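Asker:
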Amino acid sequence: MSDTQIAGTKSVDRLTKFSGTDLDDLCEATESAITEGGGFGWLKPPPRQVLENYWKGVLLVPERRLVVGRLDGIIAGSAQLSRAPRNNEAQAFAGSLTSAFVAPWARGRGLGRGIVREIECLARELGLAVLNLDLRDTQRAAINLYENLGYRRWGTHPAYAQVDGGVVPGHYYFKLLEDEPAPS
């Protein structure tokens, strides 16, 4: 899936191995998103080696898939699709969309939407019927994106996360993938 815009070429890819500057690009985009409060769980960027090990580890977990968004060939964001472990047959029909972000310098170009749509396509291909996600109340742009893409809020946790010394609520969402046909 690729689009060309005035600001550059964007693309969304399923990443199964790192090549070229992928790992460095992904770490830089992650650091930038964390610094701007874009979620991802970390409140401040960890040491680079920790990030590199994290991303290398993501590609090793059989129940995880990584989707990245690129702007002019540079990784600018990503999301992960996590499936239940093999021993959890009762929840094998559902996946979780996790760790989604777009670096601040690449926002506003539809990259986040493209990444989420690719996660949904991947989930359908894997036979999943439901996607779940959760995020902090402070992530207003992400909340707007998911709600516009048909994710339904089913609950709010009033003490979801602690940020800058204060407690922040978090919201839980789901989407039934059969409610919407796969894009052709």
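Letter by letter, the sequence shown follows residues 0 to 183 in numbering that gives the first Met the number 0. Glycine is no exception: its CB is placed at the ideal position from the N, C-alpha and C atoms. Being a predicted model, the structure only gives us computed values, none of them experimental.
Please say whether LEU127 and ALA93 have beta carbons closer to each other than 9 Å?
Answerer: For the purposes of this step, residue 93 is identified with residue 94 of the sequence shown, where counting begins at 1. For the purposes of this step, residue 127 is identified with residue 128 of the sequence shown, where counting begins at 1. A contact, by the Cβ cut-off of 9 Å.
Asker: Could you give the C-beta distance for LEU65 and LEU130, rounded to a whole number, given that I count them as a contact under 8 Å?
Answerer: As a working mapping, residue 65 is identified with position 66 in the sequence shown. As a working mapping, residue 130 is identified with position 131 in the sequence shown. Not quite, the Cβ-Cβ distance comes to about 15 Å (not below 8 Å), so this is no contact.
Asker: Judging by CA-CA distance, which residue of GLY109, ARG123, SER81 is the nearest neighbour of TYR145?
Answerer: The count along the sequence shown starts at 1 and reaches residue 145 at position 146. With distances taken between Cα atoms, TYR145 lies closest to GLY109.
Asker: Given this structure, state the Cα-to-Cα distance separating PHE17 from ILE33, to the nearest angstrom.
Answerer: Position 18 of the sequence shown holds residue 17. Position 34 of the sequence shown holds residue 33. Rounded to the nearest angstrom, the two C-alpha atoms are 21 Å apart.
Asker: Which residue or residues does DSSP assign as beta-bridge partners of ARG13?
Answerer: Residue mapping note: residue 13 aligns to position 14 of the sequence shown, counting from 1. Beta-bridge pairing links ARG13 to VAL66.
Asker: Helix, strand or coil for GLN4? Go by DSSP, reduced to three states.
Answerer: In the sequence shown, counting from the first residue as 1, residue 4 sits at position 5. Legend: pLDDT at GLN4 = 40, less than 50; position of this residue unreliable, no value from coordinates given.
Asker: Can you grab the Cα-Cα spacing for the pair TRP153 / TYR159, in whole Å?
Answerer: Position 154 of the sequence shown, counted from the first residue, corresponds to residue 153. Position 160 of the sequence shown, counted from the first residue, corresponds to residue 159. TRP153 and TYR159: Cα-Cα distance of roughly 15 Å.
Asker: I need the straight-line Cα distance from GLY113 to GLU35, nearest angstrom please.
Answerer: Along the sequence shown, one-based indexing puts residue 113 at 114. Along the sequence shown, one-based indexing puts residue 35 at 36. Going from the Cα of GLY113 to the Cα of GLU35 covers about 21 Å.
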